[in-house]
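Novice: Those protein sequences? They're chains A and B, same order as listed.
Residues 1 to 84, numbered by our numbering, are exactly what the first sequence covers, in order.
Residues 85 to 215, numbered by our numbering, are exactly what the second sequence covers, in order.
I'd like to ask some things about the structure below.
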Amino acid sequence: MKSVKEKRPAGQKQYYRRKKVCKFCVERIDSINYKDVKLLSQFVPERAKIMPRRISGVCSQHQRLLNDAIKKARNIALLPFSTE
Amino acid sequence: MRNYEIMFIVNPMTPEEEIDKINGQLESIITSGGGKIDKLEKMGKRRLAYEVDKQREGYYVLFAIGANGDIIKECERRLRVIDAVIKYITVRVDEEVRRSEKIRAFRQKRAARRGGKPGAAQTQHSEEAMQ
Numbered sequence: 001m002k003s004v005k006e007k008r009p010a011g012q013k014q015y016y017r018r019k020k021v022c023k024f025c026v027e028r029i030d031s032i033n034y035k036d037v038k039l040l041s042q043f044v045p046e047r048a049k050i051m052p053r054r055i056s057g058v059c060s061q062h063q064r065l066l067n068d069a070i071k072k073a074r075n076i077a078l079l080p081f082s083t084e
Numbered sequence: 085m086r087n088y089e090i091m092f093i094v095n096p097m098t099p100e101e102e103i104d105k106i107n108g109q110l111e112s113i114i115t116s117g118g119g120k121i122d123k124l125e126k127m128g129k130r131r132l133a134y135e136v137d138k139q140r141e142g143y144y145v146l147f148a149i150g151a152n153g154d155i156i157k158e159c160e161r162r163l164r165v166i167d168a169v170i171k172y173i174t175v176r177v178d179e180e181v182r183r184s185e186k187i188r189a190f191r192q193k194r195a196a197r198r199g200g201k202p203g204a205a206q207t208q209h210s211e212e213a214m215q
């Protein structure tokens, strides 16, 4: 009984977490354009911060491109820097 | 010669003719400097994501051009001078385009290679099944 407990420490529940996949890899989007507000706004939650990779599941290459695109879009007022 | 995109926002109060005049000025700068205009798009009025010059709206114009640094410099200087233009950005696009083309070519090559192999594997399987 005790050995089972040790194998499964408290807080580690046994449920199946779906593996996150990179949206851009799956949909074969290789260039992320700064003008595509509809696409970019999916990765900019309410506070207008860029969504971290650990939440969105975007791969590092695409996250880098996404970062650049979002920052360009912010410069030309397509996306906000922050919200009140 | 490199490919650039110049996007700028004009004050929404400015009349249409004024915007056309600005576009004409930029066009003449680009063509006289030896550049070429691939696309001129008036994207129209849009809501700005944040306030710029006390404006909540702006008239977006997009130029896609092939030019060199001197032309870009002159265009930016001109945009800065014109009062109606409240914001502008210049983005170099040729590297991006080249990169995505490379990826696409690579993907096609791989797809072609893969397209050959699974077929062969399948025939082998069916042969085994037959035996």
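The C-beta atom is built at its ideal place from N, Cα and C for all residues, glycine as well.
Quantities reported herein were computed from a predicted structural model and do not represent experimental measurements.
Could one say the Cβ of L40(A) lies closer than 8 Å to chain B's Cβ atoms, at least one of them?
Specialist: Reading the first sequence from its first residue, position 40 is the one you call residue 40(A). Cβ-Cβ to chain B under 8 Å: no for L40(A).
Novice: Where does the unbroken beta strand (DSSP E) through D122(B) begin, and where does it stop?
Specialist: Here residue 122(B) corresponds to residue number 38 of the second sequence, with the count starting at 1. Segment 120-136, the beta strand (DSSP E) holding D122(B).
Novice: Taking 8 Å as the CB-CB cut-off, is S31(A) touching chain B?
Specialist: For the purposes of this step, residue 31(A) is identified with residue 31 of the first sequence, where counting begins at 1. Cβ-Cβ to chain B under 8 Å: yes for S31(A).
Novice: How about V145(B): is its C-beta nearer than 8 Å to some C-beta of chain A?
Specialist: Here residue 145(B) refers to the residue found at position 61 when the second sequence is read from its first residue. By this cut-off, V145(B) is not an interface position.
Novice: Going by DSSP, name the residue or residues bridged to I170(B).
Specialist: Position 86 of the second sequence holds residue 170(B). The partner list for I170(B) (beta bridge, DSSP) is empty, contrary to what the question assumes.
Novice: Hey, would you say Y143(B) sits closer than 8 Å to I93(B), going by beta carbons?
Specialist: Position 59 of the second sequence, counting from 1, holds the residue named residue 143(B). Position 9 of the second sequence, counting from 1, holds the residue named residue 93(B). Taking 8 Å as the Cβ cut-off, Y143(B) and I93(B) qualify as a contacting pair.
Novice: Helix, strand or coil: how does DSSP classify K5(A) here?
Specialist: In the first sequence, residue 5(A) corresponds to position 5, counting from 1. Because the pLDDT at K5(A) is just 45, under 50, the model does not fix this residue reliably, and the value given afterwards should be weighed accordingly. Correct three-state label for K5(A): helix.
Novice: Classify A151(B) as buried or exposed, calling it buried when 16 or more other Cβ atoms lie within 10 Å of its own Cβ.
Specialist: By one-based count along the second sequence, residue 151(B) stands at place 67. So A151(B) counts as buried.
Novice: Have a look at E160(B) and R17(A) and give me their C-alpha separation to the nearest angstrom.
Specialist: Here the question's residue 160(B) lines up with position 76 in the second sequence. Here the question's residue 17(A) lines up with position 17 in the first sequence. Their Cα atoms are separated by approximately 51 Å.
Novice: Around the C-beta of M97(B), are 16 or more other C-beta atoms found within 10 angstroms, so that it is buried, or is it exposed?
Specialist: On the second sequence, position 13 is the one that residue 97(B) refers to. Result: exposed.
Novice: Between R131(B), G117(B), N87(B), R130(B), which lies nearest to K123(B) when the distance is taken from Cα to Cα?
Specialist: The residue given as residue 123(B) occupies position 39 in the second sequence. Among R131(B), G117(B), N87(B), R130(B), the Cα nearest to that of K123(B) belongs to N87(B).
Novice: Once DSSP output is grouped into helix, strand and coil, what is the label at G150(B)?
Specialist: Here the question's residue 150(B) lines up with position 66 in the second sequence. Residue state, collapsed to three classes: strand.
Novice: Which word fits Q63(A), buried or exposed, when buried means at least 16 other C-beta atoms lie within 10 angstroms of its C-beta?
Specialist: Residue mapping note: residue 63(A) aligns to position 63 of the first sequence, counting from 1. That one is buried.
Novice: Would you verify that the beta carbon of N67(A) is, or is not, closer than 8 Å to some beta carbon of chain B?
Specialist: Here residue 67(A) refers to the residue found at position 67 when the first sequence is read from its first residue. N67(A) does not count as touching chain B.
Novice: Is the distance from the Cβ of E185(B) to the Cβ of A148(B) below 8 Å?
Specialist: Your numbering for residue 185(B) matches position 101 in the second sequence. Your numbering for residue 148(B) matches position 64 in the second sequence. No, Cβ-Cβ distance for E185(B) and A148(B) is not below 8 Å.
Novice: Does the beta-carbon of Y34(A) have 16 or more other beta-carbons within 10 angstroms, so that it is buried, or is it exposed?
Specialist: Residue 34(A) sits at position 34 when you count from the first residue of the first sequence. Y34(A) should be labelled buried.
Novice: Let's see if you can read the secondary structure: which residues bound the alpha helix (DSSP H) around R64(A)?
Specialist: Start at 1 with the first residue of the first sequence, and residue 64(A) comes out as number 64. Run containing R64(A): 60-75, per the alpha helix (DSSP H) assignment.
Novice: Can you name the start and end residues of the beta strand (DSSP E) that N87(B) belongs to?
Specialist: Taking the first residue of the second sequence as position 1, residue 87(B) is located at position 3. Residues 86-94.
Novice: In angstroms, rounded to a whole number, what distance separates the CA positions of L132(B) and A189(B)?
Specialist: Stepping through the second sequence from its first residue, residue 132(B) is reached at position 48. Stepping through the second sequence from its first residue, residue 189(B) is reached at position 105. Cα-Cα distance, rounded: 37 Å.
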